[in-house]
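Worksheet: the structure to be examined is printed underneath.
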Amino acid sequence: MAFTAKDVQALREKTGVGMMDCKKALVEADGDIDKAMDILREKGLASQAKKASRVAAEGIVAAYNDANAGALVEINCETDFVAKGAPFVNLANKVVKTVVAAKPADLEALLATKAVDSDKTVDEEVQEVFLALRENMKVRRFALVEGHTASYIHAGGTVGVLVAFDVDDATAANDEFVAMSKNVAMQIAAMSPEYLSKADISDEELAKMKSITIDSALNKPETLPVPVLNSLIAEATNDKKWSDEDIAIYQGLDQKQRKNFTNFISKEALATLAEIAVSHKAEISENKIFVGLVQGRLSKQIKEVCLLEQAFVRSDLFEGDVNGYVNSVAKALGADIKVKSFVRFAKGEGIEKKVDDFAAEIASMVK
386 MAFTAKDVQA
396 LREKTGVGMM
406 DCKKALVEAD
416 GDIDKAMDIL
426 REKGLASQAK
436 KASRVAAEGI
446 VAAYNDANAG
456 ALVEINCETD
466 FVAKGAPFVN
476 LANKVVKTVV
486 AAKPADLEAL
496 LATKAVDSDK
506 TVDEEVQEVF
516 LALRENMKVR
526 RFALVEGHTA
536 SYIHAGGTVG
546 VLVAFDVDDA
556 TAANDEFVAM
566 SKNVAMQIAA
576 MSPEYLSKAD
586 ISDEELAKMK
596 SITIDSALNK
606 PETLPVPVLN
616 SLIAEATNDK
626 KWSDEDIAIY
636 QGLDQKQRKN
646 FTNFISKEAL
656 ATLAEIAVSH
666 KAEISENKIF
676 VGLVQGRLSK
686 QIKEVCLLEQ
696 AFVRSDLFEG
706 DVNGYVNSVA
716 KALGADIKVK
726 SFVRFAKGEG
736 IEKKVDDFAA
746 EIASMVK
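Numbering-wise (the working numbering), the sequence shown opens with residue 386 and increments by one.
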């Protein structure tokens with residue numbers, strides 16, 4: 386069957402594949418466009434398999450929510466150039482809408498699901514975009530939350546956030562609630578909390594945080610309470626654990642200078658002081674002043690990692706923590722509003738990117 390330049394153009398418009406590849410497929414298919422499309426897909430699958438080992442750490446996070454559910458999807462590709470292009474962005478938006486519509490159980494189910502407004506599965510939609518762009522790309526993960534949600538996408542898909550609220554339908558439709566929910570989502574994007582509240586931190590994790598805080602304090606002895614620090618310095622000087630030079634320097638400091646003694650002694654002396662502190666860990670950990678210091682630092686950490694305890698970043702709207710901000714809006718609306726959960730995706734997090742050493746590559750080529 387003969388074909389014309391218009392047939393080649395039509396195949397290109399349907400697939401997005403280059404003109405020469407379209408022409409070759411039509412030759413192989415004897416001019417049958419449908420068969421040529423199948424040939425391109427088959428070749429694309431083989432090509433995609435070859436490229437699957439290439440690192441795909443770029444991409445975007447897309448979000449979508451309606452009155453009943455919300456979703457986030459991360460889709461990765463190899464280059465930022467492709468990630469910002471309309472075909473890839475449209476793919477991500479189609480996939481995230483499919484998640485909300487179909488509510489797949491897992492990633493495998495999502496890939497096998499018919500995409501919204503399409504007769505192809507999500508996996509086939511990805512394949513179509515691959516055929517056009519020729520980069521390794523994959524749907525990496527998704528999150529689906531049913532109920533009232535708010536979403537926020539930062540910097541064109543670099544970070545995506547989904548927040549779930551326990552709220553009645555009427556309140557969820559209120560403009561003040563909508564604005565508040567978006568502000569909370571933006572808070573999560575900016576401050577990257579790990580937990581919703583302190584209640585969500587397990588006893589095991591709290592114990593681990595406390596242990597790390599104690600070790601951190603002991604390894605920075607200059608930050609320890611003065612009575613504890615003075616006892617460590619006394620041991621370092623009296624037992625000559627410091628060099629004679631460091632002992633002489635310290636003893637020659639006046640009271641004001643001793644407050645900043647780390648500016649005068651050697652790095653070795655400071656390291657020795659930390660070793661002494663660590664050797665007395667059990668004893669120091671029972672010191673009431675030290676216990677208070679650890680508790681204060683632990684409380685500060687909890688406020689940093691727990692969303693509801695974080696200081697609300699939009700101080701122009703509310704001064705206090707996020708929980709206080711949500712409650713203030715709830716009070717103004719005469720409603721009951723609770724933040725139930727949140728999900729935060731950062732594009733490419735956890736993916737090890739390949740770092741090219743061009744100098745070494747060139748050197749190997751000229752050997």
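In this text, a Cβ means the ideal position worked out from N, Cα and C, and glycines have one as well.
Query: Contact set for PHE703: own chain, Cβ-Cβ below 8 Å, skip 5 residues either direction; Result: PHE697, GLY709, TYR710 and SER713
Query: Reference THR498; option with closest CA among ASP491, LEU492 and THR506; Result: THR506
Query: Whether GLY733 touches ASN461 by CB criterion (8 Å); Result: yes
Query: Completely contained alpha helix (DSSP H) runs for the segment 561-640, where each covers 4 or more residues; Result: 588-603, 611-623 and 629-636
Query: ASP631, buried or exposed, once every other Cβ within 10 Å from all chains shown has been counted against 16; Result: buried
Query: ARG682 (DSSP reduced to helix, strand or coil); Result: helix
Query: Contacting residues, own chain, Cβ-Cβ under 7 Å from PRO606 (five flanking each side not counted); Result: LEU614, LEU617, LEU658, ALA659 and ALA662
Query: Check whether SER367 and VAL548 have beta carbons under 8 Å apart; Result: Because the chain is modelled from 386 through 752, residue 367 falls outside the range shown and cannot be assessed.
Query: Range of the contiguous beta strand (DSSP E) that encloses LEU693; Result: Premise fails: LEU693 is in no beta strand (DSSP E) and is neither H nor E.
Query: Cβ neighbour criterion (16 or more within 10 Å) applied to THR608; Result: exposed
Query: Nearest residue (CA-CA) to LYS469, options LEU411, GLY542 and ILE424; Result: GLY542
Query: Rounded separation between ALA602 and VAL679 - CA only; Result: 8 Å
Query: Beta-carbon spacing of GLU531, ALA471 below 8 Å; Result: no
Query: Nearest-angstrom beta carbon gap, GLU694 and LYS685 [assumed within contact, 8 Å]; Result: Actually they are not in contact, since the Cβ atoms of LYS685 and GLU694 sit about 10 Å apart, beyond 8 Å.
Query: Residues of its chain near LEU496, where Cβ-Cβ distance is below 7 Å and the 5 sequence neighbours each way are ignored; Result: THR506, VAL507, ASP508 and VAL524
Query: Cβ shell of GLU653 (< 8 Å), same chain only, five flanking positions each side left out; Result: SER628 and ASP631
Query: Residue environment, MET404, which counts as buried when at least 16 other CB atoms sit within 10 Å; Result: exposed
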